[in-house]
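Residue 100 in UniProt numbering is what sits at position 100 of the sequence shown, and the numbering runs on without skipping anything. Let me begin by presenting the structure, written as structure tokens, before commenting on it.
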Amino acid sequence: MSRVHIDFAGVTKSYKDRIIVGGLSFTVGPGECFGLLGPNGAGKSTITRMVLGMIPPDAGKITVLGVPVPARARLARARIGVVPQFDNLDLELTVRENLLAFGRYFSMSTREVEAVIPSLLQFARLENKADARVAELSGGMKRRLTLARSLINDPQLLVMDEPTTGLDPHARHLIWERLRSLLARGKTIILTTHFMEEAERLCDRLCVIEAGRKIAEGCPRALIDEQIGCQVIEIYGGNPHELGALIRPYVQRIEVSGETLFCYAPDPEQVLVQLRGRTGLRLLQRPPNLEDVFLRLTGREMKD
Ligand SMILES: Nc1ncnc2c1ncn2[C@@H]1O[C@H](COP(=O)(O)OP(=O)(O)OP(=O)(O)O)[C@@H](O)[C@H]1O
Ligand SMILES: [Mg+2]
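The structure is reproduced here in structure tokens:
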């Protein structure tokens, strides 16, 4: 077993003249959950496809489970479970038939697949859907089936592109619990997500990507402490610019995202005093989280 499960070294990818991934390096160790965060279009799916050997890099070196990719991607793929960003199930087949067909990619016999179907369906809470046509499943059920399908070959490494997008809160919590138990069993996971809570709960380390380049890397807690390190007050209901001007002297930093003003306040009481007596405002004071880190790194700080 190789020491590092994914080694991305100076990887570059362009489409036409546009750099999509620019000189990106990172490693993922065995048993680690590594998160890729970044705005829409940052290059996350492109990176995951390069891990799978589906897209060749223009430059740089990729090693996955000890083999060079894309050159020997087939070998690596036998030990990888994949959740693509968009489900690619066969809608005309039943749930069971989808799993049987997928098992064939891994040269699994019908008997071998039949043996794991109950645990896969249990993983996704689809126990009573085995004989339903996939076209008749809800969007969230399809997503759960895609997640279950990724485990069919008992993979060592899971490559998951937005695994819980489209799931309701119950299903999302269920999948978090399931992924955590996979990690407890020593599996390695690389995932992309737009859910900061998901990244904070699951990831040992994460990398924030913007325009194909790494802008931060570390464990969630350390990133939150380094980048924010103070209480946050969210304000909505007023004019963000007017309020921003009022409280600016009492805060470290202000971000405006849509109609919400995020104030980073070493002494929150000073801010709250300024806002006392104002009607129509909704205030929320809370500890900093990964969403604040994301906004700080990729957002637009209010400067004026
Ligand atoms: N086949 C392609 N040809 C040209 N450009 C592409 C191609 N695939 C992706 N891109 C571009 O590469 C950039 C990164 O796309 P990618 O899908 O990797 O982003 P992402 O971070 O996964 O975004 P999202 O969060 O929306 O899923 C985008 O600007 C996209 O338009
Ligand atoms: Mg994507």
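In this text, a Cβ means the ideal position worked out from N, Cα and C, and glycines have one as well. Computed from a predicted structure; not experimentally measured.
Annotation for Tyr-250: Gln-270 and Val-271 place their beta carbon closer than 6 Å to its own, counting only its chain and skipping 5 residues before and after. A distance below 8 Å between beta-carbons, with the five flanking residues on each side excluded, links Leu-283 to the following residues of its chain, in chain order: Ile-233, Glu-234, Ile-235, Leu-272 and Leu-275. Asn-40 is the residue among Glu-114, Asn-40 and Leu-243 whose C-alpha sits nearest the C-alpha of Gly-299. Those residues that have a beta carbon less than 7 Å away from any non-hydrogen atom of ligand 2 are, in order along the chain, Lys-44, Ser-45, Gln-85, Asp-161, Glu-162 and Thr-192. A Cβ-Cβ distance of about 16 Å is found for the pair Gly-53 and Asn-153, leaving them out of contact under the 8 Å criterion. Going by DSSP, Glu-234 is part of the beta strand (DSSP E) stretching over 231-236. For Leu-157, the enclosing beta strand (DSSP E) covers residues 157-161. Exclusion of Ile-62 from the 8 Å shell around ligand 1 follows from its C-beta lying no nearer than that to any non-hydrogen atom of the ligand.
Among the bridge pairs identified by DSSP, Leu-284 is matched with Glu-234. Cβ-Cβ distances below 7 Å link Asp-87 to Lys-142, Arg-143 and Thr-146 in the same chain, with the five nearest sequence neighbours on each side left out; the list follows chain order.
Arg-185 sits in coil when the DSSP states are folded into three classes, being neither helix nor strand. For a cut-off of 8 Å, the C-beta gap from Leu-295 to Ala-216 is around 12 Å, too long to register as a contact.
Classified as exposed, His-173 has fewer than 16 neighbouring CB atoms from the shown chains inside 10 Å of its CB. For Pro-118, the Cβ stays outside the 8 Å cut-off from all heavy atoms of ligand 1.
In the structure shown, the three-state DSSP call for Thr-279 is coil. Checking the 8 Å criterion, the Cβ of Gly-38 is within range of a heavy atom belonging to ligand 1. Tyr-264 has its alpha-carbon roughly 18 Å from the corresponding atom of Asn-239. For Gly-212, the distance from the CB to the nearest heavy atom of ligand 1 is below 8 Å. Shortest gap from the CB of His-194 to any heavy atom of ligand 1: under 8 Å. Judged by DSSP in its simplified three-state form, Phe-102 adopts helix. In this structure the segment 14-25 touches the segment 42-50; the number of beta carbon pairs closer than 8 Å is three or more.
Look at Gly-10 here: in three-state DSSP terms it is strand. Take Asn-289, set aside five residues on each side of it, and the residues of its chain with a beta-carbon closer than 7 Å to its own are Met-196, Glu-200 and Ile-224, in chain order. Cβ contact annotation for Arg-133 (same chain, cutoff 6 Å, sequence separation greater than five): Thr-94, in chain order. Its chain contains Asp-7 as the residues whose beta carbon lies nearer than 6 Å to that of Thr-63, once the 5 sequence neighbours on both sides are disregarded; these appear in chain order. Sorting Val-208, Pro-118, Ala-73 and Gly-237 by C-alpha distance to the C-alpha of Thr-260 places Gly-237 at the top. Straight-line spacing of the CA atoms in Leu-36 and Leu-179 works out to 16 Å. Of the candidates Gly-29, Leu-65 and Ala-9, the residue whose Cα lies closest to the Cα of Ala-59 is Ala-9. The beta carbon of Leu-151 sits closer than 7 Å to the beta carbons of Gly-81, Leu-120 and Phe-123 from its chain, once the five residues preceding and following it are set aside; these are given in chain order. Met-160 and Gly-212 have their C-alpha atoms roughly 18 Å apart.
Contact annotation: Gly-38 and Ile-209 have beta-carbon atoms nearer than 9 Å. Leu-261: not part of any alpha helix (DSSP H); member of the beta strand (DSSP E) spanning 260-265, first to last residue. Boundaries of the alpha helix (DSSP H) harbouring Gly-139: 139-149, taken from the DSSP string.
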